[in-house]
Amino acid sequence: MTVPETAAEIARAVNERELSAAAIAAEFEARIHLREAAVGAFLTQTGALALAHAERVDARVRAGEELPLAGVPLAIKDNMCLTGTRTTCGSKILENWTAPYTATAVQRLLDAGALPVGKTNLDEFAMGSSCENSALGTTRNPWDRERVPGGSSGGSVAAVAAGEAVLALGSDTGGSIREPAAFCGVVGFKPTYGRVSRYGLIAFASSLDQIGPVARTVQDAARCYDVMAGHDPLDATSLARPVAATHNGLRDDLRGVRIGLVNEFTLSALGADVRATYERAYADLEGLGADLVDVSLPTADYGVATYYLIAPAECSSNLARFDGMRYGLRVPGADVAETYERTRAAGFGDEVKRRILIGTHALSSGYYDAYYVRAQKARTLIAADFATAFQRCDAIAAPAAASEAFRFAAKSDPYSMYLMDYYTIPMSLAGLPALSVPCGFVTPPDGAHPLPLGLQLTTPLFEERTLLGIAHAYERATMHASVRPPIAANETARV
Ligand code: GLN
17 MTVPETAAEI
27 ARAVNERELS
37 AAAIAAEFEA
47 RIHLREAAVG
57 AFLTQTGALA
67 LAHAERVDAR
77 VRAGEELPLA
87 GVPLAIKDNM
97 CLTGTRTTCG
107 SKILENWTAP
117 YTATAVQRLL
127 DAGALPVGKT
137 NLDEFAMGSS
147 CENSALGTTR
157 NPWDRERVPG
167 GSSGGSVAAV
177 AAGEAVLALG
187 SDTGGSIREP
197 AAFCGVVGFK
207 PTYGRVSRYG
217 LIAFASSLDQ
227 IGPVARTVQD
237 AARCYDVMAG
247 HDPLDATSLA
257 RPVAATHNGL
267 RDDLRGVRIG
277 LVNEFTLSAL
287 GADVRATYER
297 AYADLEGLGA
307 DLVDVSLPTA
317 DYGVATYYLI
327 APAECSSNLA
337 RFDGMRYGLR
347 VPGADVAETY
357 ERTRAAGFGD
367 EVKRRILIGT
377 HALSSGYYDA
387 YYVRAQKART
397 LIAADFATAF
407 QRCDAIAAPA
417 AASEAFRFAA
427 KSDPYSMYLM
437 DYYTIPMSLA
447 GLPALSVPCG
457 FVTPPDGAHP
467 LPLGLQLTTP
477 LFEERTLLGI
487 AHAYERATMH
497 ASVRPPIAAN
507 ETARV
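Here our numbering runs 16 ahead of the position in the sequence shown, where the first position is 1.
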């Protein structure tokens, strides 16, 4: 029997004892072994741990339990803790650090029957949009190995796209789940800020960071979200509101749904094929019964500037803990100050240093009001613009990224990299739930392979069910998500 492609089908088969979780763990270990040299999604493989979990899952199923993620292979971004496993954040400063506890989101998935197959590559401390800022490895886009997978959750999306995992966890601060999901042709979902506990997620910008699922289908992303979401007393910003289950009964059409298109997000800056793909996606939404309405987000254009003050400010404070005293790398100096200096100089890469400098500057006396406080005011205005727009629509549709996946080293200045998140940052600043769902392919003039694009959808705070329902209807009608990259096209291995 072959291993089914989705978490829903795998869990059903394991719960009904048609397949054992142990056989699935063995199959994925073999698959990862075969494909990793081409993809490079993982920083640490945990096949033995997956097998140990699988044996426990099989025992629980035999004892009569039904588990929502029974036997589902799960990849975990390497900024989330998993007890006893190396957790590096893609940084030299944590290269040899072993997590002493497990993140709440990860624990909930493991308790629900998921199998941890490995920890995935990322831009160092989740700062970047291509995975090129990782100090510890190179991840390639499974659709075209000359290209980046996107970032920062590049390893997680590449693992799912290449069939090395069925579900993965990413984290999204300004677009780090949605942009790479678009680049690799998978579903990437960032829930409302506070829906999923951040306990055990190594902090980048705490007021923005959110864990979310990466999956092949919207329904699988919903299933994963349902298991993870909900209050956690260990995270002070986790929401106490009840979470409505999303994965059952997702809608199949969009009749009566009003979808906003943002006036300020003109598509004219995009490549002609990219633009045509988005125009077709909007037309498909209409074809499914949605009413398309124009909405305005007048301050969204300030999103990137606002984000690149707030996120570095928070990062400069969060990363102060990496000083050679308690965690990870320590490069001794003559005194404490020199130890700090040497450790941080050797441990952090250029982009992380740049952000620490920008953030420290923005928070320093004399500049705080001019930069940090103004950025906070702009953030409030951006959130207010969304609230106004949502009076006219149920969801907003937009591109998930400003282009298809680009070649390695194509973005040589930081600013052009920052602009990749032009369409995702405003939603992050407003704390909104948002996702990317595959919406077609383009073959760029400088490329030989078709590359996927992602449609971004976003709804008001807490409207995850509406969001996932719209995405599910679109996915079912268009089938873009069912196309696999060449490396994963032949999933016929037998167990
Ligand atoms: N690319 C953005 C950045 O570099 C977003 C990263 C993220 O969401 N973690 O900060």
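Positions of the beta carbon are idealized from the N, C-alpha and C atoms, including for glycine. As the structure is a computational prediction, the values presented were derived from the model and not from experiment.
Under 8 Å between C-beta atoms of Leu125 and His69: Along the sequence shown, one-based indexing puts residue 125 at 109. Along the sequence shown, one-based indexing puts residue 69 at 53. Against a cut-off of 8 Å, the Cβ pair of His69 and Leu125 comes out as no contact.
What number of angstroms, rounded off, separates the C-alpha of Ala256 from the C-alpha of Ala416? Counted from its first residue, the sequence shown places residue 256 at position 240. Counted from its first residue, the sequence shown places residue 416 at position 400. Taking the straight line joining both Cα atoms gives about 29 Å.
What is the DSSP secondary structure of Pro132, reduced to helix, strand or coil? Numbered from its first residue, the sequence shown carries residue 132 at position 116. If DSSP states are grouped into helix, strand and coil, Pro132 belongs with the strands.
Thinking C-alpha only, which one of Gly171, Gly228, Gly129 is nearest Leu138? Residue mapping note: residue 138 aligns to position 122 of the sequence shown, counting from 1. A check of alpha carbon separations from Leu138 across Gly171, Gly228, Gly129 identifies Gly171 as the nearest.
If we call anything under 8 Å between Cβ atoms a contact, is Ala321 one with Ala378? In the sequence shown, residue 321 corresponds to position 305, counting from 1. In the sequence shown, residue 378 corresponds to position 362, counting from 1. Result no, Cβ atoms of Ala321 and Ala378 do not sit closer than 8 Å.
Exposed or buried, what is Pro461 when buried is set at 16 or more other beta-carbons lying within 10 Å of its beta-carbon? Indexing the sequence shown from 1 puts residue 461 at position 445. When all chains shown are included, Pro461 counts as exposed.
Beta-carbon gap between Glu140 and Ala130 smaller than 8 Å: For the purposes of this step, residue 140 is identified with residue 124 of the sequence shown, where counting begins at 1. For the purposes of this step, residue 130 is identified with residue 114 of the sequence shown, where counting begins at 1. In this structure, Ala130 does not lie closer than 8 Å to Glu140 by Cβ.
Whole-Å CB distance - Leu469 paired with Leu448, under 8 Å assumed: As a first step, residue 469 must be located in the sequence shown, where it is residue number 453. As a first step, residue 448 must be located in the sequence shown, where it is residue number 432. With 8 Å as the limit, Leu469 and Leu448 do not qualify as a contact, their Cβ atoms being about 21 Å apart.
Shorter than 7 Å, the distance from the beta carbon of Asp401 to the closest heavy atom of the ligand GLN, or not? Taking the sequence shown and counting its residues from 1, one reaches residue 401 at position 385. Not so, every heavy atom of the ligand GLN lies at least 7 Å from the Cβ.
The region 89-101 contacting the region 199-213, beta-carbon criterion three pairs below 8 Å: no
Measuring CA to CA, which of Ala464, Ala350, Pro454, Asp160 is closest to Ala487? Walking along the sequence shown from the start, residue 487 turns up at place 471. The option with the nearest alpha carbon to Ala487 is Pro454.
For Ser222, which option in Asp248, Ala238, Thr253 has the closest C-alpha, if you only look at C-alpha atoms? Counted from its first residue, the sequence shown places residue 222 at position 206. It is Thr253.
Quick check on the burial criterion: 16 or more other C-beta atoms within 10 angstroms. Buried or exposed for Arg510? For the purposes of this step, residue 510 is taken as residue 494 along the sequence shown, with counting starting at 1. The pLDDT assigned to Arg510 is 38, lower than 50, so where the model puts this residue is not dependable; a value taken from the coordinates is nonetheless given after this. The residue is exposed, with fewer than 16 neighbouring Cβ atoms inside 10 Å.
From Leu277 to Ile412, what distance separates their C-alpha atoms? Numbered from 1 along the sequence shown, position 261 holds the residue referred to as residue 277. Numbered from 1 along the sequence shown, position 396 holds the residue referred to as residue 412. About 6 Å.
Span of the beta strand (DSSP E), counted from its first residue to its last, around Leu183: Taking the sequence shown and counting its residues from 1, one reaches residue 183 at position 167. Counting along the chain, the beta strand (DSSP E) containing Leu183 begins and ends at 183-188.
Rounded to the nearest angstrom, what separates Pro442 and Phe402 at their Cα positions? The residue labelled residue 442 in the question sits at position 426 within the sequence shown. The residue labelled residue 402 in the question sits at position 386 within the sequence shown. In a straight line, the C-alpha of Pro442 is about 9 Å away from that of Phe402.
Please find out if some non-hydrogen atom of the ligand GLN comes closer than 7 Å to the beta-carbon of Phe220. Residue mapping note: residue 220 aligns to position 204 of the sequence shown, counting from 1. Of the heavy atoms belonging to the ligand GLN, at least one sits nearer than 7 Å to the Cβ of Phe220.
Under DSSP, the beta strand (DSSP E) around Ile227 begins and ends at which residues? If you number the sequence shown from 1, residue 227 lands on position 211. Its beta strand (DSSP E) spans residues 226-231.
Buried or exposed for Ser145, going by 16 or more other Cβ atoms inside 10 Å? In the sequence shown, the residue the question calls residue 145 occupies position 129. Buried, by the Cβ-count rule.
Would Val341 be called buried (16 or more neighbouring beta carbons within 10 Å of its own) or exposed? Translated into the one-based positions of the sequence shown, residue 341 becomes position 325. Strictly speaking, residue 341 in this sequence is Met, with Val absent from that position. The residue in question, Met341, is exposed, as its Cβ has fewer than 16 Cβ neighbours within 10 Å.
For a test of your reading of the model: does the CB of Asp310 fall under 7 Å from any non-hydrogen atom of the ligand GLN? Yes or no. As a first step, residue 310 is located in the sequence shown; it is residue number 294 there, counting from the start. Not under cutoff, so the answer is no.
With respect to 7 Å, is the separation between the Cβ of Thr155 and the closest non-hydrogen atom of the ligand GLN below this value? Numbered from its first residue, the sequence shown carries residue 155 at position 139. No.
Within the same chain, show all residues whose beta-carbon is closer than 6 Å to that of Thr474, passing over the 5 residues directly before and after it, in chain order. In the sequence shown, the residue the question calls residue 474 occupies position 458. Result list for Thr474: Ile412, Met443, Leu448, Ala450, in chain order.
In angstroms, rounded to a whole number, what distance separates the CA positions of Ala484 and Gln407? Position 468 of the sequence shown, counting from 1, holds the residue named residue 484. Position 391 of the sequence shown, counting from 1, holds the residue named residue 407. For the sequence presented, residue 484 should be read as Leu rather than Ala. For Leu484 and Gln407, the distance between alpha carbons rounds to 20 Å.
Would you call the region 22-35 and the region 99-111 touching, i.e. three or more CB-CB distances under 8 Å? no
Could you round the C-beta distance between Asn117 and Gly246 to whole angstroms and report it? I think they count as a contact, below 8 Å. Working through the sequence shown from its first residue, we reach residue 117 at position 101. Working through the sequence shown from its first residue, we reach residue 246 at position 230. One detail in the question is off: residue 117 reads as Tyr in this sequence, not Asn. Wrong, their Cβ atoms sit about 19 Å apart, outside the cutoff.
Short of 7 Å in beta carbon distance, which residues of its chain neighbour Asp268, apart from the five on each side in sequence? Order them along the chain. Locating residue 268 in the sequence shown gives position 252, counting from the first residue. Sequence-distant Cβ neighbours of Asp268 in its own chain, meaning closer than 7 Å and more than five residues away, are Ala489, Arg492.
Pro258 burial status per 10 Å Cβ neighbour count (16 or more: buried): Here residue 258 refers to the residue found at position 242 when the sequence shown is read from its first residue. So Pro258 counts as exposed.
Can you find a heavy atom of the ligand GLN that lies under 7 Å from the Cβ of Gly191? Here residue 191 is taken as the residue at index 175 of the sequence shown, counted from 1. Within the cutoff, so yes.
Less than 8 Å between the CB atoms is what I'm expecting for Gln226 and Ser187, so what's the real figure, rounded? Position 210 of the sequence shown, counting from 1, holds the residue named residue 226. Position 171 of the sequence shown, counting from 1, holds the residue named residue 187. The Cβ separation is near 7 Å, so the contact holds.
So the candidates are Ala119, Leu270, Cys147, Tyr439; which of them puts its Cα closest to the Cα of Leu250? Locating residue 250 in the sequence shown gives position 234, counting from the first residue. The residue with the shortest Cα to Cα distance from Leu250 is Ala119.
Quick one, are the C-beta atoms of Ile275 and Cys147 less than 8 Å apart? Translated into the one-based positions of the sequence shown, residue 275 becomes position 259. Translated into the one-based positions of the sequence shown, residue 147 becomes position 131. For Ile275 and Cys147, no; Cβs fall outside 8 Å.
Where Val311 falls: helix, strand or coil (DSSP): If you number the sequence shown from 1, residue 311 lands on position 295. Val311 falls in the strand class under three-state DSSP.
Using the beta-carbon count (16 or more within 10 Å), is Ala27 buried or exposed? Residue numbering aside, residue 27 sits at position 11 when the sequence shown is read from its first letter. With 16 or more Cβ atoms within 10 Å of its Cβ, Ala27 is classed as buried.
Taking the alpha carbon of Thr494 as the reference point, which residue from Gly375, Gly365, Tyr298 has its own alpha carbon closest? Numbered from 1 along the sequence shown, position 478 holds the residue referred to as residue 494. Taking only the C-alpha atoms, the option nearest Thr494 is Tyr298.
Name the residue from Ser312, Ala198, Ala181 whose alpha carbon lies nearest to the alpha carbon of Ser452. Locating residue 452 in the sequence shown gives position 436, counting from the first residue. Residue nearest to Ser452 within the set Ser312, Ala198, Ala181 is Ala198 (criterion: CA-CA distance).
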